[in-house]
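What follows is a short report on a single structure.
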Amino acid sequence: MLTRCGSKHGGLVTATSQVTPVGKAAGTSSRPVVGSSSVGVFMRITRMALQYKLRLFIGLIAIFLASGFQLAIPMLIGSAVDAATGLEEGSLKIANSAVITLIDTTTDIFGEGSNPSKTALIIIAVLLFITSVGRGLSAMFQNYMGESIGQSIGYELRMLYYEKLQRLSFSYHAGVHTGDLITRGIVDVEGVRMFVQTALLRSVFLIVLIGTGMYLMLSEDLVLGLISLSFVPFVAWRATTARLKLRSNWYSLQERLSALTKVMDENLGGIRVVRSFASQDHEMKKFDEASNETLALANVQVGIRASNISLMGVAFMLSMAGVLWVGGLQVIDGELTLGELTQFLAFMSILLQPVRQIGMMINGYARGSATGGRLFQVLDIDPSIQDKPDAKDLEITNGTLEFHNVSFGYEEDHTLNGVSFKVEPGHTVGIVGPPGSGKSTIAHLVPRFYDPKKGHITIDGQDLRDVTLDSIRKAVGVVEQDTFLFTASVEHNVAYGDPWAPDDRVESASKHAQLGDYIDRLPGGYDTMVGERGVSLSGGQRQRLSIARSIMLKPQLIVFDDSTAAIDAATEQRIRAALTELTKDRATIIISHRLSSLMHADEILFIEEGKIVERGSHEELLTQGGHYNDLYELQIRPSEKWQQ
Amino acid sequence: MTDRHIHERSHEIPPKASIKLGPTLDEEVFGEAFNGQVVGRFMKYIAAYKVLLWVAITAVGVFTVSSITIPLIVKNVFDDALKDGAGDRSKLATMVVVFLVAVGFNFVANYFQELIVGRIAERILIDMRRAMYEHLQRVSLSFMDKTEIGKLMSRLQGDVAALQEFLQTAVFAIGDIVLLIGIIGAMIWLDWRLGLMTLTVVPILLIIRIIWLPYARQSFLRARVTSSIVSGALAENINGIRAVQGMSREYVNYDLFDIRATDNLKAANKASKFGVMMLPIVDTLTGTAMAIVVIIGGFFVLGGTVELGVMVAFVLFVQRFFDPIRALTMHYNVLQRAMASGERIFEVIDVPVDIKNKPNAIHPEEIDGSISFENVTFGYVENQPILKDINFEVKPGETVALVGPTGSGKTSTTALVHRFYDIWEGSVKVGGHDVRDVTQESLGEHVSMVLQEPFLFSGTIFENIIYAKEGATREDVVAAAQAVGAHEFIMKLPDGYETELEQRGGNLSLGQRQLLSFARAIVADSKILVLDEATASIDSYTEMLIQQALERLMEGRTGMVIAHRLATIRGADRIIVLQDGRIVEQGNHDELMANGGLYSRLYSMNYASFDDIPDELIAQATKAARESST
Ligand SMILES: Nc1ncnc2c1ncn2[C@@H]1O[C@H](COP(=O)(O)OP(=O)(O)OP(=O)(O)O)[C@@H](O)[C@H]1O
Ligand SMILES: Nc1ncnc2c1ncn2[C@@H]1O[C@H](COP(=O)(O)OP(=O)(O)OP(=O)(O)O)[C@@H](O)[C@H]1O
Ligand SMILES: [Mg+2]
Ligand SMILES: [Mg+2]
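First to last, the sequence lines map onto chains A and B. With the first letter of the first sequence counted as 1, position 504 gets the number 504 in the numbering used here; the numbers rise by one all the way through. With the first letter of the second sequence counted as 1, position 445 gets the number 1089 in the numbering used here; the numbers rise by one all the way through.
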């Protein structure tokens, strides 16, 4: 009647939904699980909940107790009204025979002198008090068990999700927007947790409560019972249709929200581009478009909710009017006591809250199936790169890397075609080639970020696919072309691969990367924060930090993927000089556009469209007079010549 | 979860791994329950929907009143129509009709309150977010450099949602207060003695609440903070996944994450203990109140001083009585959170815009393309100048190159041309106007930049190249792509110019991304073109082709080029050599080579082999470089 709990929660849930920076993974279809599979989602969540047997057991007991207490209350109230109308008149039809027995016994004890009505009232009051306390306690256990199972499942999902993301290979990560993954890990886990916490146990409670309530009312008086329950089918029907509508609305809304998140995230990430093109208006337009689309969908949701809540409310109250009318007539005809009528009304008002909660639970279910589906989608992906069941650790005998006729493509295409080469310890292979020719792709194959489509790659004769990923990545260090630094201090970034490293190793790695002087000049030294992705560093400083990070681990094989492009030649040479000691007995691959970086490699590969088109030492390549020679000419030729 | 993880979990935080994760405690604190300033400013956003808001409040009022009326009608049914067997059918019928009317009002009011409040809340959510976002478009880069995007995003989303929740709650809170007053009034009106006695439980509840609140708040706060720490850790791992996998940090990170997630689990469980604790308390008090009604009310009825209907109404009221109180305390938390969120939102909106257009800033349609730096001193951090007393001039149509060791201040110099930052001393002029005297939009129009770090947006290649250029055609886009030698690879992609790029252009090679970012700058068709290492990730051959195409494109335009590969800039009209934030040499390639200074040494190293270069030479080069800078 007066509760507004349902609506409040409805509001809360939608409010959270607004946070949802959900993303639709570009490339990978994240079309939500539709239709019957949403049942599958619930089954899975339920199965997870079933692990917590003790808590579930306590929770279920509490549910039965709570519904028992809950339903006893209207009976007691009915009895109280009957008692108050006067026992003497013999019209006592107190519903609960136990109460009558109790009253009889106490009247016996106190003797005939006491007023039976008053005794009855006192006893009923005591019983009401006890029942209420019981209801409160059992509700407490029920809610706590629900929440605690929800929390545990949330924890479990988080850990599983985190673990899965760490194992999913590059090919997966390349295709999803980070915002989308973050959302799934935060908002969707929260959605499932909320579902477990508020909907799962509570729906059992509601079923038990409404079921017993219905049974009691029907057995009490079939006609009145039917009238007072007449709202139930209507509510059930609304609930089902609304759930379907809400679910598809949730899906679209999350997609739109993800688009909006993407717009905002990229705008802030690409702020320098936005500023340099003074394109704020353009960006605002993008924002408004995305934002208005979410508004439209959110408004639809508000509409569904409003009509749901009010219609369910009105259905309930119409049945109440029916009870008043029919029950009133029966009272007038003497077929019903006032107490019984009160009992019906009290029953109804006890049922009001659960009925209201149905609205909230529909939302919970809709959200649970949307979010759970999105989570399981990620959890179910098999990483395309993973250890074989019988994989052993890589055994480094001397550290020779060999590509045997390797072909590879990101999709159907052929990015690499029959690439073969060998790097021995203490040797260096240099790779040059135009943009997009496949150099970084080669670099990514060495630590087995991807698997070749054809051919194979070995380190000391062991196929990379036969050994553990962990051991490969410990042995191979790649200085990525696209530097990523963490929003942390210089020290944490350098020591990222080995956070237990002592200070002197961090310092010596930084010095080797020619970063030492710079860091020493910083007021905060190694504790200086580098800003997001290292914004407060110059391009060359970022690259040197990333070099320091890799060499600190002293990997057996090192790949420098164009990692000195933003570093001047003098500094680069100092880095090389400092690294000679480190690379003396290690296999090194240097990818660079600057020929001075790799002209002294033992072998230089010129890659074009994924094929090695020229190979040999610097001198050999010059005499061949091919592409490499052209590049060399371009880089050393005096300016006058190439001006025209 | 692999076995390994379970076995190796050490739960020991490595000394160098305590990366700052997520917001700190002080950032998350709950605000006061009522912060006049926040509310006042928030009201301004609401004011736009004043009319709707009044409709909503009216609806809430009608809803509340009709909700109170319904038990009263039931009472009348009992007392008038059904009294002691002397039933009256026509009275009963009237009552039921009145009841139905009340239900009708209740229904309509309920629908509209939900609908309107919901809609206003959604609208305001968008408005607030937009205000913040729009402001962020103007906030200066020096602020943005220090701010993590994730934190801004959490304000743009989480905090805005908290305020939205507040608005919804606030309207209903008004309803709750009205309801509470209504119930109390109705009870006292029906029978003041019984009413007062029943109400004795209210102060008890309030006292318990007051004792409970600070503890509960503390535990809710901890749950929230630990949860945002977990989110931060997750986000960091996702963003840096390549580095994580490349360096096998998975196990360490997993353990760290587990520690954080476990922390959160504990905190959340504790918080829910505090939450559910109130249930038996409230129910005990409800039970007490009902017992009072039954005993006292029942005795009164027996004694004939009170009518039965009153007792029935009381029972119905008592059951509903605690709901608004419970809701109000719940609102209290929402309110507090909203105040904190409001502060965080207004904090963003209040970030001063250091760099803004002067009121009388001009917007020249055409400029001559000259650039001049006069005694410019600039730094990012106070007292740490990065550029020191820089003087140079670029004439219209000239191409000037900036070279120098890494970290010498080249990128910073170009940033000043576009007024990304304001300088400490001196002046920067573009087209003869001090950059502080013209609008930022005009700088955007006349200066286009290829940034050192290519950044592409999700979307098609075409959208990325044309970007914000109004009036550019497909032909312009293709021509620009051809000029930078990107056309060929774009056409090889299955969807050509319509190929969708992944986040930050992840499905292209770095060189290809750089070419697109270059093409974007060309489409912008500005008088001044700044190329910051625009071809660093591109081979010399492709670069030469670009240079040739640029010859034509650069006609009549001014160029500012930065490169470490000195072959790139040999053709420049003038070369400015920077070292530690100072200009150490200027001149064309031949002059500088003849000079034998830093440039000539850098140049010779550029194509010399590092094995060949004796250490002494390196030492000499750096030493000389240092000397020349002092
Ligand atoms: N946003 C920033 N906040 C604080 N310090 C910065 C910021 N950007 C650059 N710096 C510092 O200013 C100095 C000059 O940096 P700048 O980017 O101008 O160098 P650069 O000459 O472009 O170097 P590179 O060739 O490595 O790109 C560096 O020491 C760098 O750490
Ligand atoms: N994640 C990816 N998904 C799909 N295609 C990709 C992906 N990464 C690269 N490619 C494509 O594969 C080809 C080779 O890319 P790669 O990064 O190996 O080039 P690269 O030789 O390193 O070039 P650059 O000199 O520009 O760094 C390019 O055509 C590129 O568009
Ligand atoms: Mg590459
Ligand atoms: Mg730079």
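For every residue, glycine included, the Cβ atom is placed at its ideal position computed from N, Cα and C. Note that the coordinates shown come from a computational prediction; the quantities given were computed from them, not determined experimentally.
Status (buried if at least 16 other CB within 10 Å, exposed otherwise) for residue i
i	result
A/Ala-199	buried
A/Gly-90	Note that A/Gly-90 scores 42 on pLDDT, short of 50, meaning its location in the model is unreliable; the coordinates nonetheless yield the value given after this. That one is exposed.
A/Val-419	buried
B/Glu-672	Low confidence applies here, because B/Glu-672 scores a pLDDT of 44, under 50, leaving its location unreliable and the question unanswered by this model.
A/Asp-463	exposed
B/Val-761	buried
B/Glu-991	exposed
A/Lys-262	buried
A/Lys-164	buried
A/Ile-186	buried
heavy atom of ligand 3 below 8 Å from residue i C-beta
i	result
B/Asp-1183	no
A/Gln-664	Residue 664 of chain A lies beyond the stretch modelled for chain A, which goes from 1 to 644, so this question has no answer here.
A/Ile-547	no
A/Ile-591	yes
A/Asp-561	yes
Coarse secondary structure for residue i, derived from DSSP in three states
i	result
B/Glu-1144	strand
A/Leu-553	coil
B/Val-1079	coil
A/Ala-25	With a pLDDT of only 34 at A/Ala-25, under 50, the local geometry of the prediction cannot be trusted, and no value is derived from it.
A/Val-446	coil
B/Ala-905	helix
A/Ala-601	coil
B/Arg-1226	strand
B/Met-1204	strand
B/Val-1047	strand
B/Asp-670	Because the pLDDT of B/Asp-670 is 42, which lies under 50, any placement of that residue in the model is unreliable, and the question is left without a value.
A/His-646	Residue 646 of chain A lies beyond the range of chain A shown here (1 to 644); nothing can be said about it.
A/Ala-587	strand
B/Leu-1031	strand
A/Glu-491	helix
Heavy atom of ligand 1 within 8 Å of residue i beta-carbon
i	result
B/Gly-1225	yes
A/Leu-515	no
A/His-618	no
B/Thr-1050	yes
B/Thr-1078	Sequence check: residue 1078 of chain B is Asp here, not Thr. Result no, Cβ not under 8 Å from ligand 1.
A/Val-192	no
B/His-1062	no
B/Ser-786	yes
A/Thr-487	no
A/Gly-531	yes
A/Asp-630	no
B/Tyr-895	no
Interface residues of chain D facing residue i [CB-CB closer than 8 Å]
i	result
B/His-1077	Within the model displayed, chain D is absent; protein chains A and B are what it includes.
Can you pull every residue whose C-beta falls closer than 5 Å to some heavy atom of ligand 2, listed in chain order?
The set of residues whose C-beta lies within less than 5 Å of a heavy atom of ligand 2 reads, in chain order, A/Ala-174, A/Tyr-410, A/Thr-415, A/Pro-435, A/Gly-436, A/Ser-437, A/Gly-438, A/Lys-439, A/Ser-440, A/Thr-441, B/Asn-1151, B/Leu-1152, B/Ser-1153, B/Leu-1154 and B/Gly-1155.
Distance cut 7 Å, beta-carbon to ligand 4 heavy atom: residue list by chain order
Chain-ordered list of matching residues: A/Ser-538, A/Gly-539, A/Gly-540, A/Ala-566, B/Lys-1054, B/Thr-1055, B/Gln-1096, B/Asp-1176, B/Glu-1177 and B/Ile-1206.
Entirely enclosed beta strand (DSSP E) segments - the segment 376-420 of chain A, minimum 3 residues
Annotation: the segment 376-420 of chain A contains the following complete segments of the beta strand (DSSP E) (minimum length 3 residues), in chain order: 401-408.
What are the start and end residues of each continuous beta strand (DSSP E) run of 3 or more residues lying completely inside the segment 516-575 of chain A, in chain order?
557-561
Which complete alpha helix (DSSP H) runs does the segment 1083-1160 of chain B hold, if anything under 4 residues is left out?
1084-1090, 1105-1110, 1118-1127 and 1131-1136
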